[in-house]
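Those sequence lines, one after another, are chains A, B and C.
So for the first sequence, this note's numbering puts the first residue at 1; every next one is plus one.
So for the second sequence, this note's numbering puts the first residue at 1001; every next one is plus one.
So for the third sequence, this note's numbering puts the first residue at 2001; every next one is plus one.
Heads up, the thing below is written out as structure tokens.
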Amino acid sequence: MSSTAPSQDGLALPGFAAPVADAQACFRAVLDAMAHPGRIVAAGAGLRPPAPLAPAAAAVLLTLADADTPLWLDPALAAAAPWLAFQCGAPAAALAASAFVVTTALPALEDIARGTDAVPEAGATVILQIAALGTGPALRLSGPGLAAPALLAAEGLPAAFPSFWARNRALFPRGIDLLLCAGTRLAALPRSVTSVAP
Amino acid sequence: MAYVAVKGGERAIEAAHAWLAECRRGDPAVAELGLPQIAGQLGRAVDRVMAEGSLYDPELAALAIKQAQGDLVEAAFLLRAYRTTLPRFAASLPVRTERMALRRRISAIFKDLPGGQVLGPTTDYTHRLLDFALAAEAPPPPPAARAEAPAPGREPVPSVAQLLRAEGLLQSEPVAAAPDPGDLTRAPLAYPPARDLRLQALARGDEGFLLGLGYSTQRGYGGSHPFVGELRTGAVSVEIVPPELGFAVDIGEITLTECQMVNQFAGSKTQPAQFTSGYGLAFGHADRRAMAMALVDRALRAGELGEETGAPAQDAEFVLSHADNVESTGFVEHLKLPHYVDFQSEIENVRRLRAARADAPAVAAAPAAAAEAAE
Amino acid sequence: MAVLARAEAAEIAGALLHDPPALPGWRCLRGPEIGLAMLRGRAGGDGAAFNLGEITVTRCTVRTASGRIGHAYIAGRHLRRAELAALADALMQDPDWRDRLEATLIAPLAAAQDERRAEAEAKAAATRVEFFALRNTRP
């Protein structure tokens, strides 16, 4: 085979050092985060994806995305596209047709796959990269699994996020699931979260 | 159907598994079966498990056969379970069976066909007499005869079907506009399914079920006068196009058996008389599977060819819903798992009805039962 | 690649690892890892494509210390073989290595594979058959 083929620029950086163990650890972290909305977990430590893709976001994609999950990548993250294509094999797709949406700014909810009443699981998982988790203004999350509202400090969420989430929640069981990523930190808002208040 | 979880029995289950392991091993004084022995000496079982497990990997199929103590349906189940743990890297380019390195190629409709007939390592002309020499350890058999290959090299050998199609005597195969065929491992079958999905389901279907259905078409349940146009077995190259390369690479060879069944078709006002075909393609050396698949494929085309339908083999929903032996065995064998709560409600019903009948005056019982039966 | 895909790990290692000049170091960028490819056929042999069933595949991508990138995709589950094949693929792009690997690795493997193929063809040829139709002798 020859090295003159397309997208060799995606090959400069490796993926997980120990693909099976690292993917299992990341899967466990995502599971924890999803089961405990608002809890901040560690993901992607030791991973060096092409900037500006955050290690936590990269780890989630290495763990969950593959050739069967169409992926939409924010143009601001385009530098990571060849690396993601090579390491995950996820085909690039239109926003509305993507199982994973990786972005630095929330698109309009109506533009993202929200599933149907018959197939609610077809709603996209949105991976939103923000400035920081654990610092910044706190959000109060309520919903199943939370005995008391959880507090999640996040820097870089849009001011209109609570209303975005209210519209998402109104679609239930349709809707999107959200993973917030900053550096090697990750928190989840599954669509079961009923309310987000500042 | 409702299921209720039951608890308990862990110790008994562990003991059962330990005993199973002991039974699987058998007498420790007898040599243990190695996977190369199974792959090398029980090749037809391996081929069947690969086909019904829908995964080409002779080593894994041999392991599954060993683990399942030779229960081939259970072995196929093990392969199906294993494949769900792996990511799919790519889809192959369609294999080119006309480029097969032929071990076997026969035709029942032309004795002199271009490219010739090759029997290969077949059981066809054996007498089906048990060979007691095999019961004793013996030196390996003498090497097979060799002859000069008339056309050494890798020239494609078109199938009989392709030759007939070139003359217009056999219906040509439409080539779909969509590049990606349907995949029943990704989306559940919806009825009526197109031929690509039917062929995928038949390719992994239970050989016994396909054989019975194929036989039924010969006995008059949707008959279509089949002839084996050609049956071939051999190695084909597998090519995939990795996205990071953008060109096709050859990743190795697999053995396939292909059957081109040629069937009668009278023609119609709009179409001149022409033969039609059924197609079978199977992993490994598998004449029976490929032929049965081709018969059932042809039977399932009855509707689109404007023929009368109604025979079991022509009913896609009936055939494809019951062809998969992993599904079938799951649903049949689950009946032996605890149904205590289901049955409790049934038995209470029966007791209540019997009690009601015993309480009622004898003269009233008969008319009441008759009224119920009429409902 | 077709030749390497049909070779045993020991055969590749023999030519690659026990032969000076010293190999450059290499590291795996992806894999070696086991996955699947969906095998496709065509209805009637030449019609519309359909999915026949899957096959196990091992793939690996390596990068040598000299910056060459090599890929391998091999049918079956063969981690070591895929890594060595990817390494060979990377080295084959290096002018210092191409000719010697062609001579010490690819050509002997290709010859051995041709021989195995010819062997099978010769056995098949011995079972080539001419059927004669019997003449109908009734008046």
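Idealized CB from N, CA, C, for every residue including glycine.
{"Query": "Does DSSP put Ile2106 (chain C) in a helix, in a strand, or in coil?", "Result": "helix"}
{"Query": "Can you confirm whether Gly89 (chain A), when its beta carbon is compared against all beta carbons of chain B, has any partner nearer than 8 angstroms?", "Result": "yes"}
{"Query": "Measure the C-alpha to C-alpha separation of His36 (chain A) and Val1296 (chain B) and round it to an integer number of angstroms.", "Result": "52 angstroms"}
{"Query": "Pull up the DSSP beta-bridge partners for His2071 (chain C), would you.", "Result": "C:Thr2061"}
{"Query": "Would you list, in chain order, the members of the segment 2037-2063 of chain C that have their beta-carbon closer than 8 angstroms to a beta-carbon of chain B?", "Result": "Ala2037, Met2038, Leu2039, Arg2040, Gly2041, Arg2042, Ala2043, Gly2044, Gly2045, Asp2046, Gly2047, Ala2048, Ala2049, Phe2050, Asn2051, Leu2052, Gly2053, Glu2054, Ile2055, Thr2056, Val2057, Arg2059 and Thr2061"}
{"Query": "Buried or exposed: where does Thr135 (chain A) fall if 16 or more other Cβ atoms within 10 Å of its Cβ makes it buried?", "Result": "exposed"}
{"Query": "Quick check on the DSSP output: what are the complete beta strand (DSSP E) runs of length 3 or more inside the segment 44-131 of chain A, in order along the chain?", "Result": "71-73, 100-103 and 125-129"}
{"Query": "Under 7 angstroms Cβ-Cβ, which residues of chain C neighbour Gly44 (chain A)?", "Result": "Residues of chain C passing the Cβ test: none, with the nearest at roughly 17 angstroms."}
{"Query": "Secondary structure at Asp1057 (chain B), three-state DSSP: helix, strand or coil?", "Result": "coil"}
{"Query": "Please name the residue in C:Ala2126, C:Lys2123 and C:Arg2068 whose C-alpha comes closest to that of Leu2023 (chain C).", "Result": "C:Arg2068"}
{"Query": "Measure the beta-carbon distance from Gly38 (chain A) to Ala132 (chain A) and round it to whole angstroms, keeping in mind my assumption that it falls under 8 angstroms.", "Result": "Rounded, the Cβ-Cβ distance is 15 angstroms, inconsistent with contact."}
{"Query": "Per DSSP, which one or two residues make a beta bridge with Val1228 (chain B)?", "Result": "B:Met1261"}
{"Query": "What first and last residue would you give for the alpha helix (DSSP H) that runs through Leu179 (chain A)?", "Result": "Unbroken run through Leu179 (chain A) is the beta strand (DSSP E), Asp177 to Ala182; no alpha helix (DSSP H)."}
{"Query": "Under 8 angstroms, do Met1261 (chain B) and Ala1294 (chain B) count as touching if we go by C-beta distance?", "Result": "yes"}
{"Query": "Going by the DSSP bridge assignment, what does Ala1292 (chain B) pair with across the sheet?", "Result": "In DSSP, Ala1292 (chain B) forms no bridge with anything."}
{"Query": "Are any of the Cβ atoms in chain A nearer than 8 angstroms to that of Glu1239 (chain B)?", "Result": "no"}
{"Query": "Closer than 6 angstroms by C-beta to Phe1209 (chain B): which residues in its own chain qualify, once you throw out the five before and the five after it? Chain order, please.", "Result": "Ala1323"}
{"Query": "Return the residue from the list A:Arg48, A:Ala80, A:Val196 and A:Ile112 that minimises the CA-CA distance to Ala159 (chain A).", "Result": "A:Val196"}
{"Query": "Please determine, among B:Tyr1056, B:Arg1025 and B:Ile1065, the residue with the shortest C-alpha to C-alpha distance to Gln1041 (chain B).", "Result": "B:Ile1065"}
{"Query": "Can you tell me whether DSSP reads Gly189 (chain A) as helix, strand or coil?", "Result": "The displayed chain sequence assigns Leu, not Gly, to residue 189 (chain A). Residue state, collapsed to three classes: strand."}
{"Query": "Sort B:Glu1239, B:Gly1222 and B:Gly1229 by Cα distance to Pro1312 (chain B) and report the nearest one.", "Result": "B:Gly1222"}
{"Query": "Do Ala1091 (chain B) and Ala1062 (chain B) come within 8 angstroms of each other at the CB atom, strictly closer than that value?", "Result": "no"}
{"Query": "Report the residue from A:Ala166, A:Thr104 and A:Phe86 whose alpha carbon sits nearest the alpha carbon of Ser192 (chain A).", "Result": "A:Ala166"}
{"Query": "For the beta strand (DSSP E) that Glu155 (chain A) lies in, which residues bound it at each end?", "Result": "Ala150 to Glu155"}
{"Query": "What residues in its chain sit with their C-beta under 7 angstroms from that of Gly15 (chain A), if we drop five residues either side in the sequence?", "Result": "Leu62 and Gln87"}
{"Query": "Hey, how far is the Cα of Thr1097 (chain B) from the Cα of Gly2045 (chain C)?", "Result": "7 angstroms"}
{"Query": "Cβ of Ala1016 (chain B) less than 8 angstroms from any chain A Cβ?", "Result": "no"}
{"Query": "By a C-beta neighbour count over all protein chains shown, 10 Å radius and 16 as the cutoff for buried, is Asn1349 (chain B) buried or exposed?", "Result": "exposed"}
{"Query": "Hey, does Met1 (chain A) have any beta-carbon neighbour from chain B nearer than 8 angstroms?", "Result": "For Met1 (chain A), the pLDDT reaches just 44, beneath the cut-off of 50, and the residue's location in the model is therefore unreliable, leaving the point undetermined."}
{"Query": "Between C:Ala2037, C:Pro2032 and C:Cys2028, which lies nearest to Thr1185 (chain B) when the distance is taken from Cα to Cα?", "Result": "C:Ala2037"}
{"Query": "Might you give, ordered along the chain, the residues of its own chain that have their beta carbon closer than 6 angstroms to the beta carbon of Gly1115 (chain B), omitting 5 neighbours on each side?", "Result": "Val1157"}
{"Query": "Please decide whether Phe86 (chain A) counts as near chain B, where near means a Cβ-Cβ distance under 8 angstroms.", "Result": "yes"}
{"Query": "With DSSP as the reference, label Pro137 (chain A) as helix, strand or coil.", "Result": "strand"}
{"Query": "Leaving out five residues before and five after Thr1329 (chain B) in sequence, what residues of the same chain have Cβ atoms less than 6 angstroms from its Cβ?", "Result": "Val1073"}
{"Query": "From Ala56 (chain A) to Thr125 (chain A), what distance separates their C-alpha atoms?", "Result": "14 angstroms"}
{"Query": "Mind the definition here: the segment 1224-1236 of chain B touches the segment 1247-1262 of chain B only if three or more C-beta pairs lie below 8 angstroms; say whether that holds.", "Result": "yes"}
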